[in-house]
Amino acid sequence: MTPQPPRGLRDYVAILYPAFMLGVFFVVPFAIMIAVSFFRRNELTFYEPAFVLSNYARLFTTFFGKSFVFSILLSALVGVLVVIVAFPFTYLLTRLRRRTQVFYLVFILSVLSLSEVIIGFTWSTLLSATAGISNLLVFMGLLDQPQAWTPSLTALVVGLSYLGFPYTVLVLYPALSRLDPELPEASRMLGASPLRTFFLVVIPVMRSSIISALIMVFVFNLGAYVLPQVLGRPEHWTLSVLITDQAIFQSNMPFAAAMAIVLMVLSLMLVAVTLVLGQERSSQR
Amino acid sequence: MSTLRLEDIGKSFGNFAAVSEVNLEFPHGKFICLLGPSGCGKTTLLRLIAGLEQPTTGQIKLDGKDLTAVPAHQREFGMVFQSLALFPHLTVGENISYGLRIRGTEKPGCRQRAQELLELVRLPGVIDRQISQLSGGQRQRVAIARALALNPKLFLLDEPLSALDAKLREAMQVELRQLQQRLGISTIVVTHDQREAMTMADIVVIMDHGKVQQVGSPLETYRNPANAFIADFIGITNLLGAVWHPPSTVTVGDITVRIANPPANIPNGAPVKLSVRPEDVHVRPAGEVGVNRLPGTVTFIRDLGSSVEITVECFGQRLLAVTTPRERLNTRVGAPVSVELPENSIVVLKS
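Protein chains in written order, with the numbering used here: chain A, 1 to 285; chain B, 1 to 351.
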C-alpha cells in the first residue's frame with residue numbers, strides 16, 4: 001500500500017492538531033527567544049525592542065568562552081563514561097532470565113522518579129567529610145581521617161553519570177534485547193572468546209544504538225544546571241548555570257537568550273557531525 | 001579420524017528435561033541427521049555437542065578425549081545457525097575469514113582462503129559484497145563457507161535450510177550432501193523434515209521427548225521402525241490395531257493375518273499396532289481368494305495423475321493404499337473390496 005496524499009478537511013485535521021501544538025509550545029516561544037536575544041537590556045522593563053549584536057559579542061569574552069568549552073567537554077566526558085558503563089551492563093542484563101530482567105528494569109525506572117535536586121544533595125552528603133563514604137573507609141581502616149570529596153569535578157562527573165545511567169540503559173535495552181543471540185554464538189564457534197566476541201561483534205553491530213545513546217546523554221548533560229551548583233566549584237559551572245544566573249538573578253534576558261541560542265545551535269551541529277561521521281563509516285563497509 | 005561419543009548425556013532446564021539418557025557414537029566422516037518433531041530436544045543436543053550449552057549429566061568425547069568442560073570457542077567445530085547469524089557489519093569475505101583473523105592470519109591469507117571457500121560453495125565473485133546485498137540462497141552458502149573456513153573437526157548445522165523455499169531447499173540438500181562427501185567431514189544436521197534426512201543422511205537419529213527413539217540408516221528406519229511414533233513420523237504409514245498370537249500371526253477383527261518378521265517379547269493376546277506402508281497395501285476385487293485379505297469398503301479415491309490413493313475402511317479402521325494408475329482397480333466410493341497386506345511388509349509394533 002502506498003501512502004496517499006491527504007485529501008479534504010478531515011485528512012488535514014489530523015495534521016493540524018500536532019502542528020498547532022508544536023506551534024504554540026515550540027515555534028512561538030523559540031521565535032520570542034530569538035527576538036529577545038537581539039533586544040537591548042533595560043533596568044526597568046527587563047528589555048526593550050531593538051536590534052543589537054552586543055549580546056552575542058559578549059559571548060566572545062574569555063570567561064564565557066571557557067565556560068562554553070567546559071560545558072561541551074564535561075557533557076561529552078560524562079556521555080562516554082555513562083555509555084562505557086551502561087552498555088556492558090545492558091548487554092549482560094538482556095542475557096538474563098526474563099523475570100530477573102523485569103526486576104532490574106523496575107528498579108532502574110524507580111531511580112528515574114528521583115528529582116535532580118534530591119540526587120544532587122544525596123551525592124553531596126555521600127561525598128562529604130561529615131557523613132559521607134569516607135567515614136566508612138576510616139572505620140574500615142583504609143583512610144586516616146574523613147575527607148570531603150565535594151565540591152569537585154569528580155563529584156560533578158559522578159553525579160551527572162548517576163543521573164544519565166538509567167536513561168542510557170532504557171535507550172540501549174530495546175536494541176540489545178533484539179540482538180540475535182546466535183550472532184555472538186557464531187563468533188564463539190569461530191574461536192573468539194566471549195570478551196573478543198563482545199568487542200568484535202556485539203559493539204560493531206550495536207554501533208548506531210551506541211551513537212544515539214551517546215548523543216542523548218550529551219544533550220541531556222548540556223541542560224544540567226542543578227548538579228554543577230551542588231557538586232561543583234564555581235569554575236565548574238556550566239553554561240546552563242550561567243544562563244539561569246543571567247535570566248533569573250541578573251535579570252539580563254537578552255544575554256541569557258543569546259547564550260541559550262548559541263549553546264543550542266552549536267550542540268545541534270556537534271550532534272549532526274556525530275551522525276554524519278557514524279553514517280559515513282557504515283556506508284563505507 | 002574423529003569419532004564423537006556421547007555418554008549418558010542429559011540436559012534439564014529447571015524441571016524440564018530437554019534431553020535425557022542419550023548414548024550415541026558417531027563414526028568418522030558420516031553424515032548424521034538428528035530428526036524429530038519440534039520440541040523433541042534435537043537442537044538442544046546439537047548445542048550440547050557445540051559447547052553452547054553445558055550438559056546436566058554425562059560426557060562428550062572426541063577420539064576418547066573428554067570435551068565436556070571445553071568451551072565452545074576452543075572446540076574447533078564449525079556451525080551453521082538456523083538464522084545463519086552472518087555478521088551484518090562485515091563483508092562476505094570478512095565473514096568467511098573471521099575465524100582466521102581471530103587466529104592471527106594476515107589479510108592476504110584470509111582473502112585467499114575466502115576465495116577458495118567461495119569457489120567450494122560455488123559462489124565466486126561476491127567476496128566484497130555486503131551481507132544485505134545477498135539473496136537467501138547466497139547467504140546460506142556464505143554461512144556454510146564460514147563454518148568450513150577453519151577445517152573443523154565436526155560440521156554442525158541447525159535447521160540450515162528452513163529459511164529457503166521448497167525448490168531451493170531440495171537443491172541445497174543434494175549439494176550439501178555432495179559437499180560433505182567431497183570433504184569427507186563428519187557432519188551433524190538438525191532437521192524436522194524427514195525427506196531432508198532421507199536425502200542427505202548416512203545415519204538418522206530419531207528423537208522424541210528428549211530421548212533417542214531409533215538410530216539407523218534412513219531406509220532401515222523406514223522399513224523397520226522401532227515403534228509406532230517412528231513409523232508415523234518417517235513417511236506415511238497405516239497403523240492398524242490388532243491382537244498378537246505367537247509364533248507368527250495376528251488377528252484384525254476376525255481375520256487371521258500372517259507375519260513374516262515376528263517381533264520378540266510380546267505376550268500372547270497383547271494388543272499391537274501393524275505398520276504397513278501405503279505403497280505395500282494392495283486393493284483387490286471383493287471376494288478374491290488369497291492370504292492376508294481383509295474385507296473393506298472404499299471411502300475415498302484421490303486420483304493425482306501420477307498415483308492413485310484409495311482409502312478403504314476395514315473393521316472400523318482406515319487404510320490408505322497408493323497405487324499407480326496402471327494397476328488401479330476399477331472401483332468406486334462405497335464399493336466392497338478386498339485389501340491384501342503382504343506378509344513381509346507388515347511391521348508389528350507394541351501398542
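Glycine included, every Cβ here is placed at the ideal spot set by N, Cα and C.
Contact annotation: in the segment 159 to 193 of chain A, residues whose CB is within less than 8 Å of a CB in chain B are ASP180, GLU182, LEU183, GLU185, ALA186, SER187, ARG188, MET189, LEU190, GLY191, ALA192 and SER193.
Distance check between HIS209 (chain B) and each of B:LEU45, B:ARG5 and B:LEU4 places B:LEU45 closest, using alpha-carbon atoms only. Burial check for GLN112 (chain B): the Cβ neighbour count within 10 Å stays below 16, so the residue is exposed.
In the same chain as ASP202 (chain B), and ignoring 5 residues on each side of it, the C-beta atoms closer than 8 Å to its own belong to LYS30, PHE31, ILE32 and SER217, in chain order.
At a Cβ-Cβ threshold of 7 Å, LEU341 (chain B) and ASN292 (chain B) count as neighbours. Taking the CA atoms as reference points, PHE16 (chain B) sits about 19 Å from ASN23 (chain B). Of the other Cβ atoms in all chains shown, 16 or more fall within 10 Å of the Cβ of ALA197 (chain B); this residue is therefore buried.
DSSP places ILE243 (chain A) within a helical segment (H, G or I) once states are collapsed to three. Taking THR191 (chain B) as the centre and dropping the five residues before and after it, the same chain places the C-beta of CYS33, LEU35, GLU159 and ALA197 closer than 7 Å to its C-beta, in chain order. A residue is called buried once 16 or more other Cβ atoms fall within 10 Å of its Cβ, and SER338 (chain B) is buried on that count. If you draw a 10 Å sphere on the C-beta of MET200 (chain B), you find 16 or more other C-beta atoms in it, and that means buried. Three or more pairs of CB atoms, one per stretch, sit closer than 8 Å, so the segment 146 to 157 of chain A contacts the segment 231 to 245 of chain A. Shown here, ASN221 (chain A) sits in a helix according to DSSP, grouped into three states. Close to chain B, meaning a Cβ-Cβ distance shorter than 7 Å, is no residue of the segment 90 to 121 of chain A at all. According to DSSP, HIS245 (chain B) shares a beta bridge with B:THR249. The beta carbon of THR56 (chain B) sits closer than 6 Å to those of GLY10, LYS11 and SER12, all from its chain and outside the five residues before and after it, given in chain order. Linking LEU44 (chain A) to VAL27 (chain A) through their CA atoms gives a straight-line distance of about 28 Å. Going by beta carbons, PHE218 (chain A) and SER37 (chain A) fall outside the 7 Å limit. When C-beta atoms of the segment 239 to 256 of chain A are compared with those of the segment 115 to 124 of chain B, fewer than three pairs fall below 8 Å, so the two segments do not count as touching.
Taking a 10 Å sphere around the C-beta of PHE87 (chain A), we find 16 or more other C-beta atoms and assign the residue as buried. Under the three-state reduction of DSSP, ASN23 (chain B) is assigned to strand.
The segment 232 to 242 of chain B makes no contact with the segment 60 to 70 of chain B: fewer than 3 CB pairs, one atom from each, lie closer than 8 Å. In this structure ALA143 (chain B) does not touch MET189 (chain A) by the C-beta definition: roughly 11 Å separates them, more than the 8 Å allowed. Boundaries around LYS211 (chain B) are those of the beta strand (DSSP E), 211 to 216, since no alpha helix (DSSP H) includes it.
Boundaries of the alpha helix (DSSP H) around GLY137 (chain B): 136 to 148. In this structure the segment 248 to 262 of chain A does not lie against the segment 106 to 123 of chain A, because fewer than three pairs of beta carbons, one per stretch, are closer than 8 Å. Around the beta carbon of ARG277 (chain B), 16 or more other beta carbons lie within 10 angstroms, which makes this residue buried. Taking a Cβ-Cβ threshold of 7 Å, the residues of chain A close to SER83 (chain B) are ASP180 and GLU182, in chain order.
In its chain, beyond the 5 residues on either side, PRO271, VAL272 and LYS273 have a beta carbon closer than 6 Å to the beta carbon of SER351 (chain B).
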